[in-house]
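2 protein chains.
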Amino acid sequence: MKYCSECGSPVSLRVPEGDNRPRYACEHCGTIHYQNPNMVVGCIPEWEGRVLLCRRAIEPRYGLWTLPAGFMENGESTQQGAARETLEEADARVEIGPLYSLFNLPHINQVYLLYRGRLLDRDFGPGVESLEVRLFSEDEVPWDRLAFPVVTETLRLYFADRANGGFSLRSGDMLRQPGEQRRYQIKLLE
Amino acid sequence: MKYCSECGSPVSLRVPEGDNRPRYACEHCGTIHYQNPNMVVGCIPEWEGRVLLCRRAIEPRYGLWTLPAGFMENGESTQQGAARETLEEADARVEIGPLYSLFNLPHINQVYLLYRGRLLDRDFGPGVESLEVRLFSEDEVPWDRLAFPVVTETLRLYFADRANGGFSLRSGDMLRQPGEQRRYQIKLLE
Chain A
104 MKYCSECGSP VSLRVPEGDN RPRYACEHCG TIHYQNPNMV VGCIPEWEGR VLLCRRAIEP
164 RYGLWTLPAG FMENGESTQQ GAARETLEEA DARVEIGPLY SLFNLPHINQ VYLLYRGRLL
224 DRDFGPGVES LEVRLFSEDE VPWDRLAFPV VTETLRLYFA DRANGGFSLR SGDMLRQPGE
284 QRRYQIKLLE
Chain B
104 MKYCSECGSP VSLRVPEGDN RPRYACEHCG TIHYQNPNMV VGCIPEWEGR VLLCRRAIEP
164 RYGLWTLPAG FMENGESTQQ GAARETLEEA DARVEIGPLY SLFNLPHINQ VYLLYRGRLL
224 DRDFGPGVES LEVRLFSEDE VPWDRLAFPV VTETLRLYFA DRANGGFSLR SGDMLRQPGE
284 QRRYQIKLLE
């Protein structure tokens, strides 16, 4: 951030009065520009014991498989966002169920909220951000071609919980190992 | 938003190519400025059957009581944010437990995430944003002087669940009634 989005003047990074951390502040009109984490909302779409995955048609992780999920938009609920992303990425209609996983990714200022979802019909297909969409049984999941560690961990917990006969909220932090782009430490909290 | 925070040129509201909703976009440098909901993180600090509430020293709802909670910051987890807000507003140290309530407030683009929290000691007091901080048993809670409907609903569910012997995640939407500033419809989902 270099300029004030309200008046167009240059901003500077300083600790505002009464605050305790640096913010981008406009010296001309006084606006403080807060920057906060984003939510990524999505679901695990279920159909007769299988789950729906999408193969990404966009970067990052082009060509790899993921759960339908994306940035929550203003004006919607987390559940509405999860259903919308499933419609956009997999052209699939779901009934959103309980929250299943909540993962913090503090190094990129994101919180993932993934719900269980029940596919309402088998009428699905790739949206513009997907190359391919299909149902996978547990032993068909392409574990070595999943796009994101948070998806791998959520699916791993999901199948383990299902084998154990019950689901409950799984929560944790995914911490990037210093100096390593693709290695994470996973701290499970619930 | 009137100006681009990257180059200072005027922005316009338009649907970018490949997108499906209007965004503020810079006609000069091409930056798209996404606006997304914020998380408010906090906790229900517990001590020997009582809960800690803070009386607000700031607007909105100056002088009314609330749970310690505030906007999640970049670089932290939801649990860290909940503990930080409790320290800042009540000068209290908590061990953050399970997520207890998740409420969507789509009319103001906020998602509340309130955890159960265990106070580590009785050494607490008002932070700069609080006039007063104290422990309340269920029958002492100032129900008619609580600051926010999301706090009232969370505490109501909390004491009901406690009376029933168990807590589980409570989730819902708080929808403002059209034309009414202070009346909400509460839709419980979990």
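Chains as they are written, first to last, in the working numbering: chain A, 104 to 293; chain B, 104 to 293. Each residue gets a CB set at the ideal place from its N, CA and C atoms; glycine is no exception.
Task: Residues that B:Asn177 contacts on chain A, provided the C-beta gap is smaller than 7 Å - done: Ordered by position in chain A, the residues that pass the 7 Å Cβ test against B:Asn177 are Gln138, Asn139, Pro140, Asn212.
Open item on the list: By alpha-carbon positions, which one of B:Ser112, B:Gly121, B:Val118 ends up nearest to B:His131?
Closed with: B:Ser112
Task: chain A contacts made by the region 119 to 133 of chain B, where a contact means CB separation under 9 Å - done: Listed by position along the chain: Gly121, Asn123, Arg124, Tyr127.
Open item on the list: I'd like the list of long-range same chain contacts for A:Pro252, defined as Cβ closer than 7 Å, with 5 residues on each side in sequence excluded.
Closed with: Met277, Tyr287
Task: Length of the line joining the Cα atoms of B:Val244 and B:Thr189 - done: 18 Å
Open item on the list: Any contact between the region 165 to 181 of chain B and the region 138 to 149 of chain B? By contact I mean 3 or more CB pairs, one from each, below 8 Å.
Closed with: yes
- [ ] Using a Cβ cut-off of 7 Å, pull out every chain A residue sitting near B:Cys146, in sequence order please.
- [x] Result: empty, since nearest Cβ-Cβ is about 14 Å, beyond 7 Å.
Open item on the list: Let me check you understand the geometry: is the CB of A:Val114 closer than 7 Å to at least one non-hydrogen atom of the ligand ZN?
Closed with: This structure lacks the ligand ZN; in fact it carries no ligand of any kind.
Open item on the list: Whole angstroms are fine: how far does the CA of A:Asn177 sit from the CA of A:Gly133?
Closed with: 25 Å
TODO: State yes or no: is the beta carbon of B:Asn267 nearer than 8 Å to at least one beta carbon in chain A?
DONE: no
TODO: Please go through the same chain and pick out, in chain order, the residues whose beta-carbon is closer than 6 Å to the beta-carbon of A:Asn207, but skip the five residues on each side of it.
DONE: Val214, Asp276
Open item on the list: I want to verify the contact list: residues of chain B whose CB lies under 7 Å from the CB of A:Asp276, in sequence order.
Closed with: Ser180
Open item on the list: Just to confirm the assignment: which complete alpha helix (DSSP H) runs, minimum length 4, are found wholly within the region 155 to 214 of chain B?
Closed with: 181 to 193
Open item on the list: Between the alpha carbons of B:Arg273 and A:Thr181, how many angstroms are there, rounded?
Closed with: 14 Å
Task: Outcome for A:Val161 when other beta-carbon atoms lying within 10 angstroms are tallied against a minimum of 16 - done: According to the sequence shown, residue 161 of chain A is Ile rather than Val. So A:Ile161 ends up on the exposed side.
Task: Short CB-CB distance (under 8 Å) between B:Val231 and chain A - done: yes
TODO: Please list the partners that A:Leu292 has in chain B, where partner means a Cβ-to-Cβ separation under 8 Å.
DONE: Gln182
Open item on the list: Give me the DSSP bridge partner(s) of A:Met104.
Closed with: According to DSSP, which records beta bridges pairwise, A:Met104 is partnered with nothing at all.
- [ ] Find the nearest neighbour of B:His210 within the set B:Pro281, B:Ser233, B:His136, B:Arg117, judged by alpha-carbon distance.
- [x] When each option's Cα is compared against that of B:His210, the closest is B:Pro281.
- [ ] Whole angstroms is fine: what's the gap from B:Glu191's alpha carbon to A:Phe239's?
- [x] The straight-line gap from Cα to Cα measures roughly 47 Å.
TODO: Say whether chain A places a C-beta atom closer than 8 Å to the C-beta of B:Cys157.
DONE: no
Open item on the list: Using beta carbons (cut-off 8 Å, strictly below), is A:Ser108 in contact with chain B?
Closed with: True, the Cβ-Cβ gap to chain B drops below 8 Å.
- [ ] Keeping to the same chain, check which residues put their C-beta closer than 7 Å to that of B:Val114; ignore five residues upstream and five downstream.
- [x] Met104, Lys105, Tyr106, Cys107, Tyr127, Ala128, Cys129, His136
- [ ] Could you tell me which chain A residues have their CB closer than 7 Å to the CB of B:Phe270, listed as they occur along the chain?
- [x] Chain A residues near B:Phe270: none, gap ~12 Å exceeds 7 Å.
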